[in-house]
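Chains as they are written, first to last, in the working numbering: chain A, 13 to 372; chain B, 13 to 372; chain C, 13 to 372; chain D, 13 to 372.
First the structure, in the form of structure tokens, and then the observations on it.
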């Protein structure tokens, strides 16, 4: 049954993902078209209690932001309303206060754009208070089972692929081994997609524990075939079989704290093959920048669909993409299951068919 | 049942689509990994009968081509083998000769990368001769019902969106109306996706006959709201209700052949609104260039999957993408149905929610 | 002698050029740093007489605009103050009124960003009234003799070169001749630079009248050498020897008005060589979009230098770039001489050394 | 006096720089046009003594490489011919042998593309043996006094600026301080140009020793002004006044070897301001990728000009760019003086005018 909606709010939580502003714009325009007032809540939920915490998102305010990175609302992970930390350092439940405040301000519904953590919070609000909320998934790692794609992922893959494109010719002409670290703590989608698209020789993922022997063997095989260079893509969450990378320093018994996984893998390759190896951590480059056309469209579809759900009074849901279009899934289903790279995925099989070493 | 494969061929037909070389590379590498000899047939089927018509696609030959545009095999639409034109100008059926020649050259299977036309030909070869063929769909317009995406489409949308990004600030600061023509003769996917992602104000598609009144009204509404500029995206196959654009020249009775649809729409806008209007035809820019990461991955998955089908002896099929991965569909199903933008698509609904005029 | 400056204004005139906003930002920040109030005049000089015609350019207002296209001040060619058109259609001299109004509003100096036309106007204002003005050159064609580079040019060349990069592989694999029209009405710098950087086979410039015979011969030579494709870059101001392109239609006596020069050259090539030929007009794509790093830096240097000139009371000058840095030239010198491609330029010689046909 | 030239060679030395292949192509085409045979020497000078050490650079071989990164000749720093290391580990002078071998192979002249080291070697060859050589400068850092620009620099600046563009919105919306390390061991051109173009708040260069106090004060001033984010660009060769960055670890007396300068500066900022700070090292991304249009043109001009010098018998020279075009300078002059950022440069002044902190 359709609710009578007059005023809605939208907020964003967690790390950056290209497309956030496009979601916000779609919410603002699709709301305006229905005659609603639309407000953005700044800094997570804190904005509800701050003087300048609300931004009126009229049509002018959201002009020209489809293709921008960042979020015009700011983002902020502080403040799980169920576990607020008071000035005295005591943890208390502020959820009822939040729900009341939301009503007091005249809001009829909330669109919450966020990752696993943020969506779990709104799920609790919905479960306990029938809080009128619709979720929009945000995870640059694309690791949510309920949706085929999340926005920001395509941009991150593009940025990582561009980086590989830049490194390839130098590696080839200057006989280099380069190890490139990409995002992906629990799921290796970015590394897998960018690694294949960027013609990497080795791709190491959280889903497949790797052995330095397998990696080094691949590099030496290429060497034997006259290819004195290799590109290794490693997801930040990749880990060696048994948990240890054997770098030169460790072999000689020196107790050295190496940096991230890319640095460790680079040291391991040098130790095993004797080849000079460089590493590069792409880091925040992957989270930033203008969203790709793909991510913009997905963001706009998500935002518009969230507004349609609110118009229909269909709360407690999250918008998701399938190959038949946008659908609504319950927040229950949405926050339930992570999507890691399945070992029988045709994408993994493609990597193997291309001769890419997956470290196993 | 798996066939014994030793030597395969791959060819490409029809217009350019970014990702062709990535498909070829995947076929070459996935074939090499199985110990097969892989050859490319140049210039469609003609290459089978020409001295230099076959290129051995060994691992070195396909190095570094994942991110390149064009096709290393060349392309050529001449020569439907069922309707060859002899030097005397007589049309004859050369299909049996083609099938024989293919065998003589020792080929066990063909991977045919092509659009509707090319796939219809291999379907006939398969139907009549049980010709051992697997198809890979190629249509930059993404208008094939059997697959969620085809390669090249994402690149075309990106190129068109980039163009809109370039035009927006000039239009805004210099009070311009700009009409941009994009590809899409029968289906408006490129215009729809790029138009939404590029924040167009009007999008005209083959699926929705437009009226110049609706278009002009949108521009005048914006004008009244202080926005003295507008961006109009028009698919090359868009057509006005009743089949005529009323431009100034036609109103004054002069008999002038205007150019493409963009030029006509621009003239119509000027006639209706008095605003100076420019048009731009993106043309071949959309077919060229380096494929996006998305298109590269899709192309590589298609190529590798086609090789797996051949290895399984599963001929007469085409590879296709669903949200559950790559699957095989019959060539019958593949060539059967075009995918136009459904009028109930959530993407169309998104456009309307954003306030975009669709000309109706 | 340094003037006492408290409040300055900046305006932009003429067509778009990527980097305008960066100039404005530099003016605003460099002014703020000196404690000045900085205002932007909207819509050319009209803004001085309109209620909302002035924008306070404080530090917040110019944040984040370095890399944006367009101009936050809007642009507008109406209103040469020396030749204002009254509502009765009479032309009158409004220059004294402009100068008075400027004073009334408390402005101590003006930074005028503009092309030949705009700079001529401020030169007259300076000559007649000792109007306190400094000019910043704006011509995307880079055709000003007093400065090595103008902003926007590098971006235009990059955009045109990208287009050629996109077209090359398609042309090559699909045996196409493509004619690409770029900006350059009087000077061929964009066509020359982009054509060389984008590996064109023929480049036609305003400076060198071309013959269709020479162009066609080049294409046929390539054909004979097994290269069945060619890329022709033509500046909008290029013209044939004797003033006429002989296309097929004209040969057969039909009286057809062909479109722009690209279309004419394409028709001419088809007429001479029989090869199917496509044309593409890049148009406004070249004026828009984010400025390149080169153009941003140049714009910021120009803006900051203009402020330094004002601080020094050094009016009646224009900022210009030499290989020894920014210098000031008199507006006299600035507006005096156009820079066309010299026939003894090493860039032209480079084109010939690369085997590029220049149409002569 | 012009020499009779029939066969020339070209080699590349040192690290990668986008544009190398464009130089090679220009040499090949400009040589071919004069009827010369042109060969590339692989792997520095070693190629002269190896079976597969020479590549015939005919027109086909250099097709399509203008816009590619890397070098088709490979690169290799081993082998200063004046200080060859024998298998017995003895250092000996192989220069006479090199000169003889060069003659034996029938070469009339060499074009040496290289940095300071490589050019010093050819200068010695020229001085001692009148070796017929022309140099083309290659330093991505643009730190050669004799030429206004070197190729690769504009591409490196573009890549670094793109990275800053990506980081800016995330920093702003997520309240981050980010430290980005760019190339520039002795001269800070890349950091200065990219930092200004990318709207950095702090730029640290080798030319200006910095104090952590100044850097931190700038960040706290921004904080006080409501800007809870900052972007710091640091050249790899930047160094603190007195030689030490005071990071938290060092203050607490722990003896920790921090990584590169970016990591040290980030730690220092956290120590001084308490703000969470991330760092990113762009590294090899800056050396790779497709050259910008600017760099392609410069490379092609250099290559063509080098051939013209050889044709004129004008050996012992290096090609260089001035604002009046390409000129030849003596290798003496070329290798004599490094170009660091002059403290009175208008570019530095621009940075200060924009409010950028230079660490002093």
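Glycine residues also receive a C-beta, built at the ideal position from the N, C-alpha and C atoms.
Span separating the alpha-carbon of residue i from that of residue j
i, j, result
"residue 78 of chain B", "residue 154 of chain B", "20 angstroms"
"residue 144 of chain D", "residue 368 of chain C", "28 angstroms"
"residue 385 of chain A", "residue 30 of chain D", "Residue 385 of chain A falls outside the range modelled here, since chain A spans only 13 to 372, and no answer is possible."
"residue 314 of chain D", "residue 320 of chain D", "10 angstroms"
"residue 197 of chain A", "residue 39 of chain B", "32 angstroms"
"residue 84 of chain A", "residue 34 of chain C", "22 angstroms"
"residue 217 of chain D", "residue 222 of chain B", "59 angstroms"
"residue 381 of chain D", "residue 44 of chain A", "Residue 381 of chain D lies beyond the residue range present for chain D, which begins at 13 and ends at 372; the question has no answer from this structure."
"residue 139 of chain D", "residue 220 of chain D", "37 angstroms"
"residue 136 of chain A", "residue 100 of chain A", "25 angstroms"
"residue 32 of chain B", "residue 81 of chain B", "7 angstroms"
"residue 330 of chain B", "residue 338 of chain D", "56 angstroms"
"residue 243 of chain D", "residue 230 of chain B", "42 angstroms"
Sequence-distant residues of its chain with Cβ nearer than 7 angstroms to residue i (five each side left out)
i, result
"residue 232 of chain A", "285"
"residue 130 of chain A", "25, 26, 124"
"residue 215 of chain B", "203, 204, 207, 245, 363, 368, 370"
"residue 380 of chain A", "Residue 380 of chain A lies beyond the range of chain A shown here (13 to 372); nothing can be said about it."
"residue 341 of chain A", "158, 329, 330, 332"
Assigned exposure category for residue i - 16 Cβ within 10 Å defines buried
i, result
"residue 105 of chain A", "exposed"
"residue 164 of chain D", "buried"
"residue 98 of chain B", "exposed"
"residue 311 of chain D", "buried"
"residue 108 of chain D", "exposed"
"residue 37 of chain B", "buried"
"residue 18 of chain B", "exposed"
"residue 276 of chain C", "buried"
"residue 254 of chain B", "exposed"
"residue 236 of chain D", "exposed"
Sequence-distant residues of the same chain with beta carbon closer than 8 angstroms to residue i, five excluded per side
i, result
"residue 359 of chain A", "204, 205, 208, 353"
"residue 134 of chain B", "122, 124, 126, 143, 145, 147, 343"
"residue 2 of chain C", "In the structure as shown, chain C begins at 13 and stops at 372. Residue 2 of chain C is therefore absent and cannot be evaluated."
Residues near residue i in its chain [Cβ-Cβ closer than 6 angstroms; skip 5 each side]
i, result
"residue 199 of chain B", "153, 155, 352"
"residue 118 of chain A", "19"
"residue 95 of chain B", "103"
"residue 289 of chain B", "189, 278, 281, 282"
Check: Touching or not, the region 293 to 302 of chain C and the region 286 to 295 of chain B, by the rule of three or more beta carbon pairs under 8 angstroms?
Finding: Yes, since at least three Cβ pairs between the region 293 to 302 of chain C and the region 286 to 295 of chain B fall closer than 8 angstroms, the two stretches touch.
message = Count Cβ pairs between the region 334 to 353 of chain A and the region 64 to 79 of chain A that sit closer than 8 angstroms; are there 3 or more?
response = As far as the Cβ criterion goes, the region 334 to 353 of chain A does not touch the region 64 to 79 of chain A, which means the pair count is below three.
Margin query: Under 8 angstroms: do the region 20 to 28 of chain B and the region 125 to 134 of chain B share three or more Cβ pairs, one atom per stretch?
Written below: With a cut-off of 8 angstroms, the region 125 to 134 of chain B and the region 20 to 28 of chain B count as touching, because enough Cβ pairs lie within range.
task: Identify each residue in the region 290 to 319 of chain A for which the Cβ-Cβ distance to at least one residue of chain B is less than 7 angstroms, and report them in chain order.
output: For the region 290 to 319 of chain A, the residues whose beta carbon sits under 7 angstroms from a beta carbon of chain B are, in order, 304, 305, 306, 308, 309, 312, 313, 316, 317, 319.
* To do: Anything in the region 77 to 88 of chain C with a Cβ closer than 8 angstroms to a Cβ of chain D? List those residues in chain order, please.
  => Considering only beta carbons, the part of the region 77 to 88 of chain C lying closer than 8 angstroms to chain D consists of 78, 79, in chain order.
Select from the region 171 to 186 of chain D all residues with a C-beta closer than 9 angstroms to any C-beta belonging to chain A, and list them in chain order.
Of all residues in the region 171 to 186 of chain D, only 171, 174, 175, 177, 178, 179, 180, 181, 182, 183, 184, 185, 186 come within less than 9 angstroms of chain A when Cβ atoms are compared, listed by chain position.
How about the region 52 to 60 of chain B and the region 108 to 124 of chain B: do they share at least three Cβ pairs that are nearer than 8 angstroms?
-> With a cut-off of 8 angstroms on Cβ pairs, the region 52 to 60 of chain B is in contact with the region 108 to 124 of chain B, counting three or more such pairs.
query: How about the region 165 to 173 of chain C and the region 301 to 309 of chain C: do they share at least three Cβ pairs that are nearer than 8 angstroms?
result: A contact exists between the region 165 to 173 of chain C and the region 301 to 309 of chain C.
| said: Across the region 316 to 334 of chain C and the region 176 to 196 of chain C, are there enough close Cβ pairs to call them in contact, namely three or more that are closer than 8 angstroms? | reply: Contact fails between the region 316 to 334 of chain C and the region 176 to 196 of chain C, because fewer than three Cβ pairs, one in each stretch, are under 8 angstroms apart.
**Item:** Cβ-based contacts, 7 angstroms cut-off: residues of the region 28 to 41 of chain D near chain A
**Value:** Here the close residues are 28.
Taking a Cβ distance cut-off of 9 angstroms, strictly less, list which residues of the region 185 to 201 of chain D are near chain A, in chain order.
-> Within the region 185 to 201 of chain D, the residues whose Cβ lies closer than 9 angstroms to some Cβ of chain A are 185, 186, 187, 188, 190, listed in chain order.
Next item on the list: Residues of the region 105 to 118 of chain C with a CB closer than 8 angstroms to any CB of chain D: list them in chain order, please.
Entry: So nothing in the stretch comes that close.
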